[in-house]
Every structure is written in C-alpha cells, then in structure tokens.
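Enquirer: Numbering (my numbering), first residue to last: 18 to 82.
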Amino acid sequence: MNIGKGLGKGGGRGRNKGGGFGVGGYCICAKCGEKVPHQQGVKCTTVKCPACGHTMIREELLNKK
C-alpha cells in the first residue's frame, strides 16, 4: 500500500518556492500607516484601509525597502 504525502511534483511549496510570508503578520497602509492583522488566505492588496480607503500591503513588503 502506497501512502503519499500529498505534495505532488512541486513539493508543496507554493509560488516562489515557498516565498510566502506565512501565517500572522500585518497589512499596512502605505499612505497613512494604519495597521491591521493579516487574515490567512486573504491578500493584503485586496484589503482597503479602514482609516483612509487606500489599498494595503503586507508589512514585510513595506519593510523591504
């Protein structure tokens, strides 16, 4: 009986060879600095800032600069 790991050919690492930021963290507004907790499975770029309505980005991307 063969029992697979369910990872397939790609090793299950997702896009960018596992370069995701993982669970947790924050979405930050680049315009006003408002910070909200990141929700798993929801891209920060689809979230609008509750304070000013601007598109938010992942905290790790903002800090990369």
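Here a beta-carbon is modelled for each residue, glycine too, at the ideal position from N, C-alpha and C. All figures in this text were calculated on a predicted structure; none of them were measured in a lab.
What residues in its chain sit with their C-beta under 6 Å from that of His71, if we drop five residues either side in the sequence?
Expert: Correct list, in chain order: Cys46, Lys48.
Enquirer: At the level of alpha carbons, what is the spacing between Gly58 and Gly50?
Expert: Cα-Cα distance, rounded: 22 Å.
Enquirer: Smallest Cα separation from Cys69: which of Gly42, Val53, Lys60, Asn80?
Expert: With distances taken between Cα atoms, Cys69 lies closest to Val53.
Enquirer: Give me the Cα-Cα distance between Thr62 and Ile74, rounded to the nearest whole angstrom.
Expert: If I take the Cα positions, the gap works out to 5 Å.
Enquirer: Nearest-angstrom Cα distance between Pro67 and His55?
Expert: Whole-angstrom Cα-Cα distance: 13 Å.
Enquirer: Out of curiosity, what's the CA-to-CA distance linking Tyr43 and Lys65?
Expert: Those two C-alpha atoms are separated by around 13 Å.
Enquirer: Spatial neighbours of Arg32 within its chain, please: C-beta separation below 7 Å, excluding the five flanking residues on both sides.
Expert: Annotation note: pLDDT 47 at Arg32 (below 50); position unreliable, no value reported.
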